[in-house]
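Some notes on the structure that comes next.
In the working numbering, the protein residues as written are 457 to 719.
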């Protein structure tokens, strides 16, 4: 990463001399970039954005006005430790988003992958892990220690309880309150969220074959229609679908559901 290209910094922006900016980074007026911040090439910081460190932001991101990135977390146990925020490439972070650094009680790091869309007013709390190609719609809120798998979608106003896992390719409808894990591929909605089948339309758009979709529908029935415990469902899926690679993320999300899964 180049560390000397300040040509895109607006005269009315404030950038700490120790911040490292890659080639073709732009920083809009009235934005603040603090110390211990590293921004990758091609990233665009619009006006009135605050970025504090230690924070690493990758390439070709766009961060819109009034967002607060890398601020201290809201955990009362936080005592000023130098925890971090890491953001990947090609993300869009819209207006008024807040993304906080981690805590030493967990990994000490909040991480957002690549290709994500965080719409306006999204909050990502301390120690969250957001994968790649997710969509967090307006006002979606992640409490601390939440993980969100690749290609997951959280509808507007979705609220996720701390330590919950949102499985890859899953979807929560707008206004959902998620108190337990959502397994991979599952659609959820409600207060509190309940399962409503597999995210078939989303999977079709991503090129999942008819055979795989059929296997996933049958796997859903194993989990939710046969009266099995989660452990029993995992055992049945391992036995019946070991030859379907796409079932593995579903099994992994069931095994890792320490808070239990939505029912």
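Think of the CB as a built atom: it goes at the ideal place given N, C-alpha and C, for glycine as much as any other residue. Keep in mind it's a predicted model, so treat the numbers as computed, not measured.
Under the criterion of beta carbons closer than 8 Å, residue 540 and residue 556 do not qualify as touching, at roughly 11 Å. With contacts defined as CB atoms closer than 8 Å, residue 718 and residue 644 qualify as a contacting pair.
Taking a C-beta distance under 8 Å as the contact criterion, residue 490 and residue 472 qualify as a contact pair. The count of Cβ pairs closer than 8 Å, one atom from the region 661-669 and one from the region 645-653, stays below three, leaving the stretches out of contact.
Between residue 504 and residue 521, the gap from beta carbon to beta carbon is short of 8 Å. Using a 10 angstroms sphere on the CB of residue 694, the tally of other CB atoms stays under 16, which defines it as exposed. DSSP places residue 705 in the uninterrupted alpha helix (DSSP H) bounded by 703-711.
Secondary structure within the region 620-648: the beta strand (DSSP E) runs of 3 or more consecutive residues, fully enclosed, are 642-646 (chain order). With a cutoff of 8 Å on beta-carbon distance, residue 604 and residue 614 are scored as not near each other.
Counting along the chain, residue 679 sits inside the alpha helix (DSSP H) bounded by residues 666-680. Taking a contact as a CB-CB distance under 8 Å, the pair residue 675 and residue 697 counts as one, their CB atoms being some 6 Å apart. About 5 Å separates the Cβ atoms of residue 588 and residue 571, confirming a contact at the 8 Å cut-off.
Of the residues 612, 611, 638 and 628, the one whose Cα lies closest to the Cα of residue 622 is 638.
Rounded to whole angstroms, the gap between the alpha carbons of residue 670 and residue 689 is 17 Å.
Per DSSP, reduced to three states, the secondary structure at residue 658 is helical.
The continuous alpha helix (DSSP H) containing residue 691 extends over residues 686-696. In the three-state reduction of the DSSP assignment, residue 481 falls in the coil class, being assigned neither a helical nor a strand state. CA-to-CA, the gap between residue 705 and residue 662 works out to about 15 Å.
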